[in-house]
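These notes concern the structure reproduced below.
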Amino acid sequence: SQQSLYRILYLNLLIALSIVLKVIPLPLGMSLAFVVPILTAALIHPYWGALVGFFSVLISAFVTGGIGPWTPIQMYLFVLIPALLIWVPVQMKTNKLFLMGYGILWGMLYGFLIGLYFWPMMSQPLSKEAQMDSFLLFYVSTSLLWDLFRAGGNALFLFLLYTPFKQAISHIESDIMTQWQR
Numbered sequence: 011s012q013q014s015l016y017r018i019l020y021l022n023l024l025i026a027l028s029i030v031l032k033v034i035p036l037p038l039g040m041s042l043a044f045v046v047p048i049l050t051a052a053l054i055h056p057y058w059g060a061l062v063g064f065f066s067v068l069i070s071a072f073v074t075g076g077i078g079p080w081t082p083i084q085m086y087l088f089v090l091i092p093a094l095l096i097w098v099p100v101q102m103k104t105n106k107l108f109l110m111g112y113g114i115l116w117g118m119l120y121g122f123l124i125g126l127y128f129w130p131m132m133s134q135p136l137s138k139e140a141q142m143d144s145f146l147l148f149y150v151s152t153s154l155l156w157d158l159f160r161a162g163g164n165a166l167f168l169f170l171l172y173t174p175f176k177q178a179i180s181h182i183e184s185d186i187m188t189q190w191q192r
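Residue numbers for the sequence shown follow this note's numbering, so the first one is 11 and each next one is one higher.
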């Protein structure tokens, strides 16, 4: 049907926007990659945010040549981040301050979980206890500052782009939005 075609079109436009924003270089770990999946999940539906997150990581990995052992964990996290908003009440997840806090939380968790994913591969000869101690030292000395900037960038970009994104999607036909939000 025509409505299905419009939904597919809008989904592809959101994925394309997310890919373009993801490849914009920003200083110190800041990234616009989280903005479109989170806003899509909050203002349209978490399933749509999860699809935007998944395909933006997958397609941008092909476009930029960034396919590697990190791609599966990135895709998983970019599905998880928006999908978890399914359990948040609508009044909370459409609140700009809540989304800024959510962006801060996931800015920190994302870096920590990516590092945790790789650490066992990089510290093979160590015992499990030594691996955890060395990971915590590694994380604090190398990744923590980067993740703090990513978290701050998420809050800043969600604050700045929330209203324009909400206005842009308000122009989508109301019946399509109603079907999306089911």
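C-beta atoms are modelled at their ideal positions from N, C-alpha and C, and glycine is treated no differently.
Can you tell me whether residue i is buried or exposed, with buried defined as 16 or more other CB within 10 angstroms of its CB?
i	result
P47	buried
M40	buried
S137	exposed
P65	Strictly speaking, residue 65 in this sequence is Phe, with Pro absent from that position. Result: buried.
T50	buried
Run through DSSP, which three-state label would residue i get?
i	result
P37	coil
I182	coil
F64	helix
S137	coil
I124	helix
L42	coil
N164	helix
R192	Per-residue confidence for R192 stands at a pLDDT of 49, beneath the threshold of 50, marking its modelled position as unreliable; no derived number is given.
G76	coil
T104	coil
Q12	helix
I69	helix
Just to confirm my understanding: we take residue i, look at its own chain, exclude 5 residues before and 5 after, and list those with CB closer than 7 Å. What are they?
i	result
I179	L53, I54
Y149	F122, G125
I96	P56
Closer than 8 Å by C-beta to residue i: which residues in its own chain qualify, once you throw out the five before and the five after it? Chain order, please.
i	result
L126	F145
Looking only at its chain, what residues have a beta carbon closer than 6 Å to the beta carbon of residue i, apart from the 5 residues adjacent to it on each side?
i	result
R192	Note that R192 scores 49 on pLDDT, short of 50, meaning its location in the model is unreliable; the coordinates nonetheless yield the value given after this. Hits under 6 Å: none found.
V67	Q84, M85, F88
I77	A71
Could you check how far apart the C-beta atoms of residue i and residue j are, in whole angstroms? I think they sit under 8 Å.
i	j	result
K32	L24	Not confirmed; about 12 Å, so no contact.
G113	A60	With 8 Å as the limit, G113 and A60 do not qualify as a contact, their Cβ atoms being about 16 Å apart.
F169	M110	6 Å
K106	Y172	5 Å
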